[in-house]
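There are 2 protein chains.
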Amino acid sequence: MGVSVPPPGSVGQVELQMASLFTEAEPLVLANGEKLGPVEVAFETYGSLNERRDNAVFILHALTGDAHAAGYHAGDARPGWWDNLIGPGKPLDTDRFFVICANLLGGCQGTTGPSSINPATGTPFGLGFPQLTVADLVEVHRGLLRHLGISRLLAALGGSLGGMQALQWGLSYPEEVANGVVVAASSRLTAQNIAFSAVARRAIMTDPNFLGGDYVSQETNPDVGLAIARMMAHITYLSEDALTEKFGREPHPDSREPGFGIDFAVESYLDHQGQVFLGRFDALSYLYLSRVMDYFDPFSTPTSAALVTQAPVKWLVMSFDTDWRFGTEHSRRIVRRLELAEQPVTFREIQSPWGHDSFLLEVPSYHATLRAFLDRALVEVSQ
Amino acid sequence: MGVSVPPPGSVGQVELQMASLFTEAEPLVLANGEKLGPVEVAFETYGSLNERRDNAVFILHALTGDAHAAGYHAGDARPGWWDNLIGPGKPLDTDRFFVICANLLGGCQGTTGPSSINPATGTPFGLGFPQLTVADLVEVHRGLLRHLGISRLLAALGGSLGGMQALQWGLSYPEEVANGVVVAASSRLTAQNIAFSAVARRAIMTDPNFLGGDYVSQETNPDVGLAIARMMAHITYLSEDALTEKFGREPHPDSREPGFGIDFAVESYLDHQGQVFLGRFDALSYLYLSRVMDYFDPFSTPTSAALVTQAPVKWLVMSFDTDWRFGTEHSRRIVRRLELAEQPVTFREIQSPWGHDSFLLEVPSYHATLRAFLDRALVEVSQ
Chain A
1 MGVSVPPPGS VGQVELQMAS LFTEAEPLVL ANGEKLGPVE VAFETYGSLN
51 ERRDNAVFIL HALTGDAHAA GYHAGDARPG WWDNLIGPGK PLDTDRFFVI
101 CANLLGGCQG TTGPSSINPA TGTPFGLGFP QLTVADLVEV HRGLLRHLGI
151 SRLLAALGGS LGGMQALQWG LSYPEEVANG VVVAASSRLT AQNIAFSAVA
201 RRAIMTDPNF LGGDYVSQET NPDVGLAIAR MMAHITYLSE DALTEKFGRE
251 PHPDSREPGF GIDFAVESYL DHQGQVFLGR FDALSYLYLS RVMDYFDPFS
301 TPTSAALVTQ APVKWLVMSF DTDWRFGTEH SRRIVRRLEL AEQPVTFREI
351 QSPWGHDSFL LEVPSYHATL RAFLDRALVE VSQ
Chain B
384 MGVSVPPPGS VGQVELQMAS LFTEAEPLVL ANGEKLGPVE VAFETYGSLN
434 ERRDNAVFIL HALTGDAHAA GYHAGDARPG WWDNLIGPGK PLDTDRFFVI
484 CANLLGGCQG TTGPSSINPA TGTPFGLGFP QLTVADLVEV HRGLLRHLGI
534 SRLLAALGGS LGGMQALQWG LSYPEEVANG VVVAASSRLT AQNIAFSAVA
584 RRAIMTDPNF LGGDYVSQET NPDVGLAIAR MMAHITYLSE DALTEKFGRE
634 PHPDSREPGF GIDFAVESYL DHQGQVFLGR FDALSYLYLS RVMDYFDPFS
684 TPTSAALVTQ APVKWLVMSF DTDWRFGTEH SRRIVRRLEL AEQPVTFREI
734 QSPWGHDSFL LEVPSYHATL RAFLDRALVE VSQ
C-alpha cells in the first residue's frame, strides 16, 4: 500500500519524533496561571539544520492539522498535509531550510491535549484540561526550539490558526523570529466566526457519547457531533463558487428518488469529510482549539504593541480573495496593526477560487510569493 | 399580557381559521403521484374581499413561517410575523387588499404535515409522509383559493421559500396570478445552500430522540438536533456585518472566564434562537420543507417555460445586497429566466445591512417598492 519510491521533490520517508518538555518541577505556566508538566510534544523535521543554526523554519499547523506536514510515514500512500510546499526544490526547500512542525498543545496527534492521561490522576484530563491561548501554544513551540538547540527562527509560518501562532510568536518574542508568515489568518474573529464554532461545539457537547468530556475513559466517542462539526466547518472552508464548481446540483449516483439520505453529490462530499475526520481527530481537541481561536486578540494588549516597536520581524501577510472564513479584511487588519507598530509588512491578496482551503493548496502565485519571501530571508540571514 | 388596544395600523385581533380541502375520494395528487386527502389547512385573512373578488393577495410563508402573518391572537403581546407590512395604510393596505396567508402543506402550525395523524393508520405520518415539491404546496394554496371563492389573485407574494411558491404559482397557473412578487428567493439552490440544509437535517436525524421520525407517537422531540439546525440557519440569515454590528466580540454578561458555555453575546443570541424555535416548530416539517427547497428548479422543465410564454403575470423580483443565503445572483437568475420567457419583470436590489432576514424587516426602500408595485396592480385591475 505504501509508497516505495517517493515522487521527485518529496522529503521521502519521515518519522514522528517525541520530546518531553517541561517537568512537574518546572512546568509550563499557562497564560491563565495554571500549570502543565511534563508536556509531551510530537514533531517532525525535514532537511538539516546548518552549522550556524540559522535556517530553521517552524511550521505552525491549523485547527485540525498535525505534526506530519511532509513526506511519507512508513506504509502510507499519502504524504503529509503540506507536502506541496515542503521538499527539495519546493518553496520550503529542504535542501536549504530546516523545517520543523509540531502538533499543537491541546491537540490529539501525539502532543499533550485534553484526551491525554493526566499524570496527577492517571485518567484522561477531559474537561479538566486547562483553557489555552495562542500564547500557550507558542510557549510549547519555544520549548521544542530550545530542545532542538535553536535560539532564533529564520521564519515562523502558518495558515489559519497556524498564522495566528506565527503572529503571536513574532509579537511576543521578536528576537526569536526573523520573519513571520501569516496566511489566511485573523487577529480577531468576527461574531460570525465565533458563531460557527459555537454551533460546532454545541453539536459535539450534546452528543450523548460526549459524556461530559469523559468519553475517552468510557471508550466511546461523540462521533455524531464531531462529524456534524466537521461537515459545517467544511462548508466554510470552500468558497460558494468552489462548491458549485465541484458539485453544483449533481445528484448522488446512488440517489433514486428524493429522500433524507444523500441525494446530492455535495451531501456525499460532506458526509465523507465528516466520516474520515473521525478517524484522525478528537472532539475535546476540537473544543479547546476552536475556543483558543475565539479569544485570540493579540493587538488588544498594550504589552505586545510595546514589544512590536523594538522588533525586527519582517512580515508576510497573505489572504485569498474567495476566503470567507478569514477573508482579506482579516488580513488587512493584521497589516494595519503591524504598520501602526512600524513593522515591515508585505501583503498579498492571492486570487484563488478555493476559499479558505487555498492555504493548503498549490496555488501558483501563493507558492511563488512564499518562495520569493523565504529566498530573500535566507539570503539576508547569510549575509 | 395581551394587547388590549392594538397599535395604529394594526389589523387588530385575528383568529386562525381551518379548512378541510380535498377528500379521500378526491385527494390531492402530489407531483410524485402519491395522494393525500383530506388536507387540513390553517389560514388567516385580513381585510375584505371586494365585490369583484379581485383584490386578493396571497402571502406565501418561508421555511419556518406560519399562517399568522399579521394582527394579534387573543392574549398575545406580539403580532404576526409580517405585521410591519400588513394593515391599514401599510404597503399591504387591508383597507384595500384582501390578504390571505396559509400554513404550508408539510408544515406544523395547523396544516397537514408529517407530524399530523395519518387518517389511514391513526398514527402520525412520520417519515411515511410523502416527499413534497413547491408545486404541491401551491396546489394546496389553490384549493384554499377555490374554497374562498376566488379564481384569480391580484398578487402572490412571498420571501425565501415564500418567493419560490409565488414563482411556481405564476409559472404554472399564470391565469390565476395577475402579479407575482418574489423576494430574497432562489430558482435553484447552490451546492452551498444544499450543504447547510444537509448538515441541519443530519443534526435532527441523528438526535437520539428523533427515533426514526416516530418521536411524536413516543411523546418526545429531537430538541437538541432541531436547536442546532436553527442556530446554524440563523448564522446564514444575517450578514456577517449585521452580526458584527449586533454582537461584535462582546462577552456575555454572565461569562466569568473562558469555557465552553456561553462566553460571547453572539453565542447567547444563537442559543436563544435555538430554544425559542423548539416551542413553535416541528423537526419533521424542517426536514420536509428544507428538502422541498433543495429540489426546487422550476425553469428546468420545458412545461413551465411553455406556460410562461402565454402568461400575463407581472413580476417584481427583489434581493438584498447583504443577503448571502439567497443573494442577488439568485434573483438575477430568476429575472433572466423570466425575461427569456418575455415576461414583464421589475427587479430591485435593495440596500439593507441585515442579510436574508431583511425580507421580514421594515426596510424603507423595500416597503416603498412593494407599495408602489401593489398600488399599480390595484389600479390596473380596477380599470
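Residue numbers (this note's numbering), protein chains in the order written: chain A, 1 to 383; chain B, 384 to 766. Note that the Cβ used here is the ideal one computed from N, Cα and C, for glycine as well.
Where residue 192 of chain A falls, given that 16 or more other Cβ within 10 Å makes a residue buried:
buried
Counting contacts by CB-CB distance shorter than 8 angstroms, is residue 598 of chain B in contact with chain A?
no
Determine whether the beta carbon atoms of residue 313 of chain A and residue 331 of chain A lie at a separation below 8 angstroms.
no
In chain order, which continuous runs of the beta strand (DSSP E) of length 3 or greater are located wholly inside the stretch 517 to 554 of chain B?
538 to 542
Neighbour list for residue 678 of chain B in chain E, Cβ cutoff strictly below 7 angstroms:
Given the protein chain composition of this structure (A and B), no chain E is represented.
In the DSSP assignment, find the unbroken alpha helix (DSSP H) run with residue 384 of chain A in it and report its ends.
No answer is possible for residue 384 of chain A: the residues shown for chain A start at 1 and end at 383.
How big is the Cα-Cα spacing for residue 652 of chain B and residue 124 of chain A?
33 angstroms
Using a beta-carbon distance below 8 angstroms, is residue 578 of chain B in contact with chain A?
yes
On the DSSP bridge assignment, give the partners of residue 420 of chain B in chain order.
In the DSSP output, where bridge partners are listed per residue, residue 420 of chain B has none listed.
Please classify residue 65 of chain A as buried or exposed, where buried requires at least 16 other C-beta atoms within 10 Å of its C-beta.
buried
Taking C-alpha atoms, which residue in B:510, B:443, B:602, B:757 lies nearest to residue 528 of chain B?
Of the candidates B:510, B:443, B:602, B:757, the one whose C-alpha sits nearest the C-alpha of residue 528 of chain B is B:443.
Got a sec: which bits of the stretch 472 to 494 of chain B sit with their beta carbon under 9 angstroms from any beta carbon on chain A, in order along the chain?
none
Please confirm if residue 1 of chain A has its CB atom under 8 angstroms from at least one CB of chain B.
Confidence in residue 1 of chain A is poor, its pLDDT being 49 and thus under 50, which makes the residue's placement unreliable; the coordinate value appears in the next sentence. With 8 angstroms as the cut-off, residue 1 of chain A does not count as an interface residue toward chain B.
Extent of the continuous alpha helix (DSSP H) to which residue 246 of chain A belongs
240 to 246
Quick one: which chain A residues come within Cβ less than 7 angstroms of residue 701 of chain B?
Those within 7 angstroms of residue 701 of chain B in chain A number zero; the least Cβ separation is about 21 angstroms.
Between A:266, A:194, A:363, A:6, which lies nearest to residue 71 of chain A when the distance is taken from Cα to Cα?
A:6
Please confirm whether residue 623 of chain B has its beta-carbon closer than 8 angstroms to some beta-carbon of chain A.
yes
For the beta strand (DSSP E) holding residue 59 of chain A, just list the boundary residues, first then last.
Looking at the DSSP string, the run of the beta strand (DSSP E) that includes residue 59 of chain A is 56 to 60.
Output yes if chain A places a C-beta closer than 8 angstroms to the C-beta of residue 618 of chain B; else output no.
With 8 angstroms as the cut-off, residue 618 of chain B counts as an interface residue toward chain A.
The alpha helix (DSSP H) enclosing residue 235 of chain A, as first and last residue numbers:
223 to 237
Just checking my contact of residue 748 of chain B with residue 734 of chain B at CB under 8 angstroms: how many whole Å lie between their CB atoms?
7 angstroms
So which residues on chain A does residue 571 of chain B lean against when the C-beta distance must stay under 8 angstroms?
249
Here's the rule I'm using: 16 or more other beta-carbon atoms within 10 Å means buried, otherwise exposed. How should residue 18 of chain A be labelled?
exposed
Does the distance from the C-beta atom of residue 347 of chain A to that of residue 160 of chain A stay below 8 angstroms?
no
Cβ of residue 611 of chain B less than 8 angstroms from any chain A Cβ?
yes
Quick one: residues in its chain with C-beta nearer than 8 angstroms to the C-beta of residue 232 of chain A, no 5 flanking neighbours on either side, listed in chain order?
196, 199, 200, 203
Tell me the rounded alpha-carbon separation between residue 290 of chain A and residue 681 of chain B.
41 angstroms
Suppose the cutoff is 7 angstroms on Cβ atoms and the five residues either side in sequence are ignored; what does the same chain contact list for residue 463 of chain B look like?
451, 452, 453, 454
When the Cα atoms are used, what is the spatial distance from residue 724 of chain B to residue 256 of chain A?
31 angstroms
Work out the CA separation of residue 761 of chain B and residue 727 of chain B for me, nearest whole Å.
17 angstroms
Beta-carbon neighbours of residue 287 of chain A, restricted to chain B and to distances below 7 angstroms
643
Proximal chain B residues relative to residue 205 of chain A, where beta-carbon distance stays under 7 angstroms:
643
Best match in A:374, A:14, A:242 for proximity to residue 323 of chain A [C-alpha to C-alpha]
If we check each option's Cα against that of residue 323 of chain A, A:242 comes out closest.
Beta-carbon within less than 7 angstroms of residue 234 of chain A's beta-carbon, same chain only, minus the 5 sequence neighbours each way: which residues are those?
270, 273
State the DSSP-derived secondary structure class of residue 262 of chain A, mapped to helix, strand or coil.
coil
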